[in-house]
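Trainee:
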Amino acid sequence: MSKKRSIPTDGIVFSTDPSFKPMQADEQPADTLVPALQKLKIRLDTKNRGGKAVTLVEGFSGQEVDLDELGKKIKTFCGTGGAVKDGLIIVQGDQRDKILQWTIKNGFKLSKKI
525 MSKKRSIPTD
535 GIVFSTDPSF
545 KPMQADEQPA
555 DTLVPALQKL
565 KIRLDTKNRG
575 GKAVTLVEGF
585 SGQEVDLDEL
595 GKKIKTFCGT
605 GGAVKDGLII
615 VQGDQRDKIL
625 QWTIKNGFKL
635 SKKI
């Protein structure tokens, strides 16, 4: 059986209303807050990493592009590798003091080390 037209119905099979139109998901990108209002948490994590320590920076609220840029700046300052996944900035090694120093220097006044 071939499908000639592919209309996303989101689970709606049939409607008797002639003016019915499926609702579209209107996703507005979240605005990035200024650094002084960001509440970043810096913590050390070793779970599910084979005993290796990584530093996690969480609590960033804003667009994904800005999170990637922030992650790149932090990793460059620390001189280590890492990744940005699921709203977290992952930096290799125990870099809590360096990251806290960088965040305070760049205006993230509400950041704290856990």
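Letter by letter, the sequence shown follows residues 525 to 638 of our numbering. For every residue, glycine included, the Cβ atom is placed at its ideal position computed from N, Cα and C. Please read these numbers as outputs of a predicted model, since none were measured by experiment.
#1: From the DSSP output, in three-state form, read off residue 628 for me.
#2: Measure the C-alpha to C-alpha separation of residue 621 and residue 566 and round it to an integer number of angstroms.
#3: Can you find a CB in chain C that lies within less than 8 Å of the CB of residue 602?
#4: Can you tell me whether residue 589 is helix, strand or coil according to DSSP?
#5: Could you tell me the boundaries of the beta strand (DSSP E) in which residue 579 lies?
#6: Would you identify the three-state DSSP class for residue 569, choosing helix, strand or coil?
#7: Using only alpha-carbon positions, find the residue among 627, 595, 630 that is nearest to residue 615.
#8: Since residue 539 and residue 562 should fall inside the 8 Å C-beta cutoff, what is the C-beta to C-beta distance between them, to a whole number of angstroms?
#9: How is the beta strand (DSSP E) around residue 558 delimited, first residue to last?
#10: Given 8 Å as the limit, is there contact between the stretch 623-632 and the stretch 587-604, that is, 3 or more CB pairs closer than that?
#11: Hey, out of 582, 608, 604, 573, whose CA is closest to residue 592's CA?
#12: Would you call residue 578 buried or exposed, if buried means 16 or more other Cβ atoms sit within 10 Å of its Cβ?
Mentor: Result, derived from the coordinates:
#1: Three-state DSSP puts residue 628 in a helix.
#2: One C-alpha to the other measures close to 9 Å.
#3: The chain labelled as chain C is not found in the depicted structure, where only one protein chain is given.
#4: For residue 589, the secondary structure class from DSSP, reduced to helix, strand or coil, is helix.
#5: Taken as a continuous stretch (DSSP letters only), the beta strand (DSSP E) holding residue 579 covers 578-582.
#6: Residue state, collapsed to three classes: strand.
#7: Looking at the Cα atoms, 595 is the closest of the given residues.
#8: Cβ atoms of residue 539 and residue 562 stay farther apart than 8 Å, at about 45 Å.
#9: Secondary structure note for residue 558: it is in no beta strand (DSSP E), with a DSSP letter that is neither H nor E.
#10: Between the stretch 623-632 and the stretch 587-604, the count of Cβ pairs shorter than 8 Å is three or higher; the stretches touch.
#11: Checked all of 582, 608, 604, 573; the closest Cα to residue 592 is 608.
#12: Residue 578 is buried by the Cβ-count criterion.
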